[in-house]
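A short worksheet on the structure shown next.
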Amino acid sequence: MKAHRTYGFAQLTFRNPASLAYLALVTVAALFVTVDMLFVTHDDASLAGVWLFLLSAPTVFLFLIGGDLLASSVADSAAFLYPALVLSVLIQAYALGLLVRLLRGERRTAARGVTGSAV
1 MKAHRTYGFA
11 QLTFRNPASL
21 AYLALVTVAA
31 LFVTVDMLFV
41 THDDASLAGV
51 WLFLLSAPTV
61 FLFLIGGDLL
71 ASSVADSAAF
81 LYPALVLSVL
91 IQAYALGLLV
101 RLLRGERRTA
111 ARGVTGSAV
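Just so you know, this note's numbering puts 105 at position 105 of the sequence shown, and the rest follows in order with no gaps.
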């Protein structure tokens, strides 16, 4: 049963056209931020990282608020920020998969313990 749930999560998150488009957009933005940080010199600070936060909003802000409630130093650390960013993107890709399934009118096929149907 647990493997079925994991497969359902992965299918809604990674095998759905809307979720894949969202994840591709986030990947392109992450590559842009990485190239900008490593290879481009700026006189000022770059605002390239803002794109990742805009693409992962609003869930990343919930993580940041939760981390700030724990301790200000926790929310400011990279060890908290990067996993929060990845988790928020995965949560939103999953939510997109659920939305697409809902809009298509697909129902989950659950295994039933009763062989007959009582009407």
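Even for Gly, the Cβ is constructed at its ideal location relative to N, Cα and C.
- Each of GLY66, SER88, LEU62 was checked against the Cα of VAL26, and the nearest Cα belongs to SER88.
- In this structure, SER46 keeps its C-beta atom at 8 angstroms or more from the C-beta atom of LEU85.
- Of the candidates GLY97, TYR22, LEU103, LEU12, TYR22 places its Cα closest to the Cα of LEU54.
- Rounded to the nearest angstrom, the gap between the Cα atoms of MET37 and GLU106 is 43 angstroms.
- For ASP76, the enclosing alpha helix (DSSP H) starts and ends at 72-76.
- In this chain, THR41 is not harboured by any alpha helix (DSSP H), its DSSP state being neither H nor E.
- The alpha-carbon separation between VAL100 and PHE39 amounts to approximately 38 angstroms.
- If you look at LEU55, you'll find it in the alpha helix (DSSP H) that goes 50-56.
- Looking from the CA of LEU90, the closest CA among ALA30, SER19, THR6, LEU62 belongs to SER19.
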